[in-house]
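The structure under discussion appears below in the form of structure tokens.
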Amino acid sequence: MASDAVKEFTDDNFDTEVLNSDAAVLVDFWAPWCGPCRQIAPMIEELATENPGVSIGKVNIDENPGVAQKFGINSIPTLLLFKNGEISESFVGVRPKAALQQAISAV
């Protein structure tokens, strides 16, 4: 990870860090071989830095297939926004930063 602002979510810590979080959580499902995933990485970093009250992190689907399977991740990048352990928004593919920021601001 390039930034301390972006967390690393895994099969082991997902429930604690995401589903049981009091804060809103944006999760980026990605893989190192995914070009669009690498394309949005700087945007994810910016969102994490600009939204300190929101937990923002990534799940490497190659290393953490359990979480990806649990949420039916079929295409990457997929971003899921959680509030109180429930998915409040989902985005598949590359989306504009403004769309993600609007969703984050709404929770």
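Heads up: the sequence shown begins at 1 in full-length UniProt numbering, then just goes up one per residue.
Note that the Cβ used here is the ideal one computed from N, Cα and C, for glycine as well.
Just so we're clear, the structure is a prediction, and the values are computed from it rather than from any experiment.
Pairwise C-alpha distance: residue j and residue i
{"i": "residue 99", "j": "residue 61", "result": "23 Å"}
{"i": "residue 22", "j": "residue 84", "result": "6 Å"}
{"i": "residue 89", "j": "residue 101", "result": "12 Å"}
{"i": "residue 95", "j": "residue 77", "result": "10 Å"}
{"i": "residue 29", "j": "residue 58", "result": "6 Å"}
{"i": "residue 19", "j": "residue 40", "result": "24 Å"}
{"i": "residue 36", "j": "residue 45", "result": "15 Å"}
{"i": "residue 70", "j": "residue 11", "result": "10 Å"}
Beta carbon of residue i nearer than 7 Å to that of residue j
{"i": "residue 107", "j": "residue 24", "result": "yes"}
{"i": "residue 26", "j": "residue 73", "result": "no"}
{"i": "residue 14", "j": "residue 67", "result": "yes"}
Continuous beta strand (DSSP E) stretch holding residue i: start and end
{"i": "residue 8", "result": "6-8"}
{"i": "residue 67", "result": "Residue 67 -> not in any beta strand (DSSP E); alpha helix (DSSP H) instead, spanning 65-70."}
Those residues which DSSP pairs with residue i across a bridge
{"i": "residue 83", "result": "86"}
{"i": "residue 92", "result": "78"}
Inter-residue CB distance, residue i and residue j (contact presumed, cutoff 8 Å)
{"i": "residue 81", "j": "residue 104", "result": "7 Å"}
Range covered by the alpha helix (DSSP H) that runs through residue i
{"i": "residue 19", "result": "Where residue 19 is concerned, there is no enclosing alpha helix (DSSP H), given that its DSSP letter is neither H nor E."}
{"i": "residue 35", "result": "35-50"}
{"i": "residue 104", "result": "97-106"}
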